[in-house]
Structures are given as structure tokens and as C-alpha cells.
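In the numbering used here, the protein residues as written are -15 to 75.
Note that the Cβ used here is the ideal one computed from N, Cα and C, for glycine as well.
Contents: one structure, followed by commentary.
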């Protein structure tokens, strides 16, 4: 996983994560239309992606993730951060 950190508002390294060219396919693949690459993702990544597309605030995303996956705040924050960093890596 990437060591880069998000700044807590859905952006990576100060840049907003552009979701417009990404598509979820069959709830297990992320397709990047810019690069033509497919990436395998799990259910928690699909959940985070859907939350980001709904323009949920970072605080709401964390709260909703905690409720959906029955995890504590530290785990939710780590999982969201890792996913956002992975999005930055695949770009």
C-alpha cells in the first residue's frame, strides 16, 4: 500500500481524487477509462467509491463505513485512507 496520506477531505496529497473516469464493474472490478486498466476491488472499496460518488463528506464517509462494516473509527479512517492512496497510485 502507498505511504502517502490523505488530507482528510477526500483528496490525496492535496489534490481531489477524480472519480469521473472510474467505473465499478460487477461489484468487483474498477475500470479506469483513461488508462484502460482494470483493478480488482473488494466490497469495502466499492462502498467507499460509492460514498465518494455521492459527495459524502469525509466525516460522513467515516461514520457510514463504521456502521456498514462494524469497525471502530481508527479502522475506518485507515481503510478509507488506504483506498484513496491506492486510487492515487493507479492513476
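Asked	Found
In DSSP terms, what residue 13 is bridged to	9 and 24
Where residue 39 sits in the DSSP three-state scheme	coil
Integer-rounded CB distance, given that residue 31 should sit under 8 Å from residue 49	7 Å
Residue 24 vs residue 16 beta-carbon contact at 8 Å	no
Through-space distance from residue 42 to residue 56, alpha-carbon basis	15 Å
Status (buried if at least 16 other CB within 10 Å, exposed otherwise) for residue 46	buried
Close-in-space but distant-in-sequence residues of the same chain around residue 27 (CB under 8 Å, 5 per side omitted)	11
Residue environment, residue 71, which counts as buried when at least 16 other CB atoms sit within 10 Å	buried
Backbone secondary structure at residue 3 - three-state DSSP	coil
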